[in-house]
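Chemist: Heads up: the sequence shown begins at 294 in the working numbering, then just goes up one per residue.
Idealized CB from N, CA, C, for every residue including glycine.
Source: prediction; values computed, not measured.
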Amino acid sequence: MRLDRWNKVLLALAVLAAPVLPVFATGGASGGPAHPDIPSLNDILADLDSGQLDLDDVRAMGLSVFATPFNRHDGFGDGAFDAAEGDNLAFGHRPTLQGNGTFLRLNGLDAQSCNECHTIVSNNSRVPTLGFGGVGGAVQNAVIMPSMIDVGDSQDDRVQFQAGHDPDLQMVEDGVADYNGRFANPPFLFGGGGVELLGKEMTADLQALLAQARSAPAGTVIDLDTKGVHFGTVTSDGFGDVTLDVEGIGPEDITGLAAEDVLVVRPFGRKGENFTMRDFDRGAMQFHFGIQPVEVVGEDEDEDGDGLANEVTVAEMSVLHIFDVTNPKPVQGRLDRAAFRGKRTFMNLGCADCHRPEMSTEGRRIGLAHPEVANDPSANVYLEIDLARAAGFDRGRHGGLVVPLFSDLKRHKMGARLAETFERGELANDEFITARLWGIADTAPYLHDGRATTLYDAIEFHGGEAQSVRDAFLALPAQDQQNLLRFLGTLRTPTRPNEELVPLLN
294 MRLDRWNKVL
304 LALAVLAAPV
314 LPVFATGGAS
324 GGPAHPDIPS
334 LNDILADLDS
344 GQLDLDDVRA
354 MGLSVFATPF
364 NRHDGFGDGA
374 FDAAEGDNLA
384 FGHRPTLQGN
394 GTFLRLNGLD
404 AQSCNECHTI
414 VSNNSRVPTL
424 GFGGVGGAVQ
434 NAVIMPSMID
444 VGDSQDDRVQ
454 FQAGHDPDLQ
464 MVEDGVADYN
474 GRFANPPFLF
484 GGGGVELLGK
494 EMTADLQALL
504 AQARSAPAGT
514 VIDLDTKGVH
524 FGTVTSDGFG
534 DVTLDVEGIG
544 PEDITGLAAE
554 DVLVVRPFGR
564 KGENFTMRDF
574 DRGAMQFHFG
584 IQPVEVVGED
594 EDEDGDGLAN
604 EVTVAEMSVL
614 HIFDVTNPKP
624 VQGRLDRAAF
634 RGKRTFMNLG
644 CADCHRPEMS
654 TEGRRIGLAH
664 PEVANDPSAN
674 VYLEIDLARA
684 AGFDRGRHGG
694 LVVPLFSDLK
704 RHKMGARLAE
714 TFERGELAND
724 EFITARLWGI
734 ADTAPYLHDG
744 RATTLYDAIE
754 FHGGEAQSVR
764 DAFLALPAQD
774 QQNLLRFLGT
784 LRTPTRPNEE
794 LVPLLN
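#1: Can you round the beta-carbon distance between N620 and L491 to whole angstroms, since I take them to be within the 8 Å contact cut?
#2: Under 7 Å Cβ to Cβ from H648, same chain only, skipping five residues before and after it: list those, please.
#3: For the beta strand (DSSP E) containing V351, list its first residue and its last residue.
#4: For K706, which beta-bridge partners are listed by DSSP?
#5: For T788, does the count of other Cβ atoms within 10 angstroms reach 16, so buried, or fall short, so exposed?
#6: With H, G and I counted as helix, E and B as strand and the rest as coil, what does DSSP make of V452?
#7: Give me the residue from M578, N567 and A552 with the minimum Cα distance to G385.
#8: Can we say the region 691-711 touches the region 367-379, given the rule of at least three CB pairs closer than 8 Å?
#9: Beta-carbon within less than 7 Å of I413's beta-carbon, same chain only, minus the 5 sequence neighbours each way: which residues are those?
#10: Measure the Cβ-Cβ separation of D554 and G565 and say whether it is below 9 Å.
#11: Under three-state DSSP, which class holds F515?
#12: Any idea which residues DSSP pairs H523 with across the strands?
#13: Out of curiosity, what's the CA-to-CA distance linking E713 and D443?
#14: Can you check DSSP and say which residues form a bridge with S529?
#15: How many Å lie between D723 and T736 at the Cα?
#16: In or out: T747 buried (at least 16 other Cβ within 10 Å) or exposed?
#17: With a Cβ-Cβ cutoff of 9 Å, do D403 and A435 count as a contact?
#18: On the criterion of 16 or more Cβ atoms from any shown chain inside 10 Å, does N802 qualify as buried, or is it exposed?
#19: When DSSP labels each residue in this structure, what does T783 get in the three-state scheme?
#20: Enumerate, from N- to C-terminal direction, the unbroken beta strand (DSSP E) stretches of 3 or more residues contained entirely within the region 605-674.
#21: Per DSSP, what are the beta-bridge partners of F561 in this structure?
#22: Starting from R717, follow the beta strand (DSSP E) in both directions and report where the run begins and ends.
#23: Three or more C-beta pairs under 8 Å: does that hold for the region 636-655 against the region 762-782?
#24: Any idea if R365 is buried or exposed, counting beta-carbon neighbours within 10 angstroms, 16 or more meaning buried?
#25: Helix, strand or coil for R828, going by three-state DSSP, please let me know.
#26: In terms of alpha-carbon separation, which member of V795, G708, F616 and I337 lies closest to L257?
#27: My output table needs one value for R744: the three-state DSSP class, helix, strand or coil.
#28: Any contact of the region 515-532 with the region 595-602, i.e. 3+ C-beta pairs under 8 Å?
#29: Here's the rule I'm using: 16 or more other beta-carbon atoms within 10 Å means buried, otherwise exposed. How should Q772 be labelled?
#30: Would you kindly check if the distance between the Cβ of Q433 and the Cβ of P480 is under 9 Å?
#31: Roughly how many angstroms lie between the CA atoms of D330 and G355, to the nearest whole one?
#32: Please report the straight-line C-alpha distance between Y739 and H755, rounded to a whole angstrom.
#33: How long is the line joining the alpha carbons of D371 and F766, rounded to whole angstroms?
#34: Secondary structure at P796, three-state DSSP: helix, strand or coil?
#35: So what's V590 in DSSP terms, helix, strand or just coil?
#36: On the DSSP letters alone, give me the boundaries of the beta strand (DSSP E) that V696 sits inside.
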């Protein structure tokens with residue numbers, strides 16, 4: 294195998310200090326992995342440790358999982374439709390469109406590979422630049438759990454929403470194609486490792502504050518602050534229990550939540566639903582492809598009844614995660630005088646209160662775990678990767694990394710114009726995690742569903758907590774607005790990302 298000293302990462306093999314992971318099967322009588330050339334996770338770790346593999350070799354395995362189309366022999370698709378299941382929108386037994394037996398499109402079963410929806414590296418030219426790990430256009434939007442789509446506004450069927458979501462929608466025919474569901478535009482993967490590392494460190498901070506509150510005297514109020522972001526407060530009752538008053542993190546109602554779901558920063562998903570890229574991938578495998586991960590359903594289990602088990606193995610999910618977190622970070626282009634003035638306006642208006650230009654990590658190495666524990670990022674770590682070398686992040690003054698993401702990784706209320714219409718959601722329809730602006734010059738369309746085709750439109754759509762900043766922008770002289778947009782135009786995606794991996798697959 295090729296050895297590249299520059300790309301070889303500093304590896305901390307937790308198998309030296311933790312129980313050895315079991316060797317997972319690479320197939321069985323009822324099915325097998327889609328990528329049989331990928332060895333077990335233990336073998337991969339051993340080969341990395343011995344130098345037989347370097348990081349790019351493993352990243353290339355992950356690219357193979359990311360880009361190779363799944364088919365029915367791999368386990369693509371759900372099992373037979375079963376009305377007895379009770380929820381026809383859930384994974385496993387969804388109907389297919391017109392009974393075609395393969396695709397549904399309107400609730401997943403809508404692609405054969407991750408790469409189908411993540412191909413646009415730059416839309417900032419007449420001819421888009423394509424590659425691995427980019428954004429998707431509106432045609433690639435995910436249509437999520439729709440129970441009603443009135444495409445012709447043909448009847449007075451506007452959805453009535455649960456309390457706390459959208460109770461005041463008018464019941465009129467108004468040119469709106471009413472829709473009860475979610476509509477999500479695919480983001481890029483670039484820089485995802487730095488974002489995941491930030492989220493893990495923030496979660497660790499919040500868990501430490503929670504533990505501090507449990508042992509504090511009655512009435513003690515502790516601010517849930519991490520990396521300069523405020524997530525509410527926790528109050529001690531003096532007997533080991535606490536009262537949480539959280540904001541911008543977790544479901545609206547935390548009553549009855551398992552401990553591992555409380556005070557967990559979830560940077561991924563438009564609403565902030567997933568705590569790691571692997572966590573996102575687990576759901577995406579099931580939703581988009583009907584592929585059942587072994588780590589979700591169990592080894593040799595055919596949960597969807599399609600006649601195949603072990604559809605995607607722990608090793609395949611692990612190399613995909615390694616590919617995810619080592620995607621190169623977006624880049625800052627040169628600031629001319631107008632862009633520099635625009636950056637100053639961006640800061641002065643208050644845009645940076647939520648779109649924080651950068652956050653810093655304490656360490657440079659991201660720990661990858663299996664199985665993952667949401668509220669304990671240090672549990673079950675099998676591999677550490679130096680993101681300064683692997684993904685191009687700059688090192689900070691205190692030994693960590695500078696992550697120039699332009700986000701606070703917190704959910705905010707964004708007003709009625711951006712609110713979704715989804716009555717099954719656990720998160721408020723008008724709340725979204727702050728969009729990361731790095732790379733935004735190349736990634737139109739904008740906002741959670743791609744409704745804004747220009748950056749000006751994206752700003753104009755802001756409301757809710759961002760209403761005053763949006764209004765201040767619209768009140769600026771035209772030249773000041775253009776300067777700010779010119780600054781945003783310097784936030785670029787990486788050039789030719791992941792192309793160095795392709796020869797390793799041949």
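Modeler: Put simply:
#1: Taking the first residue of the sequence shown as position 1, residue 620 is located at position 327. Taking the first residue of the sequence shown as position 1, residue 491 is located at position 198. Contact doesn't hold; Cβ gap of about 15 Å is too wide.
#2: Taking the sequence shown and counting its residues from 1, one reaches residue 648 at position 355. The residues are F699, S700, T727 and L730.
#3: Here residue 351 is taken as the residue at index 58 of the sequence shown, counted from 1. Here V351 belongs to no beta strand (DSSP E); instead the alpha helix (DSSP H) covers L348 to A360.
#4: One-based indexing of the sequence shown puts residue 706 at position 413. According to DSSP, which records beta bridges pairwise, K706 is partnered with E724.
#5: Here the question's residue 788 lines up with position 495 in the sequence shown. It is exposed - the Cβ of T788 has fewer than 16 other Cβ atoms within 10 Å.
#6: As a position in the sequence shown, residue 452 is number 159, starting the count at 1. Low local confidence applies: a pLDDT of 47 at V452 is under 50, so the model's placement there is unreliable, and no value is given.
#7: Against the sequence shown, residue 385 aligns to sequence position 92. The candidate whose alpha carbon is nearest that of G385 is M578.
#8: no
#9: Here residue 413 is taken as the residue at index 120 of the sequence shown, counted from 1. P421, L423, G427, V428, G429 and G430, listed in sequence order.
#10: Here residue 554 corresponds to residue number 261 of the sequence shown, with the count starting at 1. Here residue 565 corresponds to residue number 272 of the sequence shown, with the count starting at 1. No.
#11: In the sequence shown, the residue the question calls residue 515 occupies position 222. The question names Phe, but residue 515 in the sequence shown is Ile. The answer is strand: DSSP assigns I515 an E or B state.
#12: Translated into the one-based positions of the sequence shown, residue 523 becomes position 230. In DSSP, H523 forms a bridge with D518.
#13: Along the sequence shown, one-based indexing puts residue 713 at 420. Along the sequence shown, one-based indexing puts residue 443 at 150. For E713 and D443, the distance between alpha carbons rounds to 15 Å.
#14: Numbered from 1 along the sequence shown, position 236 holds the residue referred to as residue 529. In the DSSP output, where bridge partners are listed per residue, S529 has V535.
#15: Sequence index remark: in the sequence shown, residue 723 carries index 430 (1-based). Sequence index remark: in the sequence shown, residue 736 carries index 443 (1-based). Roughly 23 Å between the two C-alpha positions.
#16: Here residue 747 refers to the residue found at position 454 of the sequence shown. Exposed.
#17: Reading the sequence shown from its first residue, position 110 is the one you call residue 403. Reading the sequence shown from its first residue, position 142 is the one you call residue 435. Closer than 9 Å, so yes.
#18: Past the edges of the chain, shown from 294 to 799, lies residue 802, and the structure says nothing about it.
#19: Taking the first residue of the sequence shown as 1, we reach residue 783 at position 490. Three-state result, T783: coil.
#20: 658-662
#21: If you number the sequence shown from 1, residue 561 lands on position 268. Bridge partners of F561: N567.
#22: By one-based count along the sequence shown, residue 717 stands at place 424. It is not in any beta strand (DSSP E) - R717 carries neither H nor E in the DSSP assignment.
#23: yes
#24: Along the sequence shown, one-based indexing puts residue 365 at 72. Flag for R365 reads exposed.
#25: Past the boundaries of the shown model lies residue 828; the chain is included only from 294 to 799, so the question cannot be answered.
#26: In the structure as shown, the chain begins at 294 and stops at 799. Residue 257 is therefore absent and cannot be evaluated.
#27: If you number the sequence shown from 1, residue 744 lands on position 451. Looking at R744 - three-state DSSP - the assignment turns out to be coil, as it is neither helix nor strand.
#28: no
#29: Working through the sequence shown from its first residue, we reach residue 772 at position 479. Classification of Q772: exposed, given that the 10 Å Cβ count is below 16.
#30: Taking the first residue of the sequence shown as position 1, residue 480 is located at position 187. Taking the first residue of the sequence shown as position 1, residue 433 is located at position 140. Contact: no.
#31: As a first step, residue 330 is located in the sequence shown; it is residue number 37 there, counting from the start. As a first step, residue 355 is located in the sequence shown; it is residue number 62 there, counting from the start. Approximately 12 Å between the Cα atoms of the pair.
#32: As a working note, residue 739 is residue 446 in the sequence shown. As a working note, residue 755 is residue 462 in the sequence shown. Those two C-alpha atoms are separated by around 12 Å.
#33: In the sequence shown, residue 371 corresponds to position 78, counting from 1. In the sequence shown, residue 766 corresponds to position 473, counting from 1. Answer to the nearest angstrom: the Cα atoms are 48 Å apart.
#34: Here residue 796 corresponds to residue number 503 of the sequence shown, with the count starting at 1. Looking at P796 - three-state DSSP - the assignment turns out to be helix.
#35: Residue numbering aside, residue 590 sits at position 297 when the sequence shown is read from its first letter. V590 falls in the helix class under three-state DSSP.
#36: What you label residue 696 is simply residue 403 of the sequence shown in a count that begins at 1. Taken as a continuous stretch (DSSP letters only), the beta strand (DSSP E) holding V696 covers L694 to V696.
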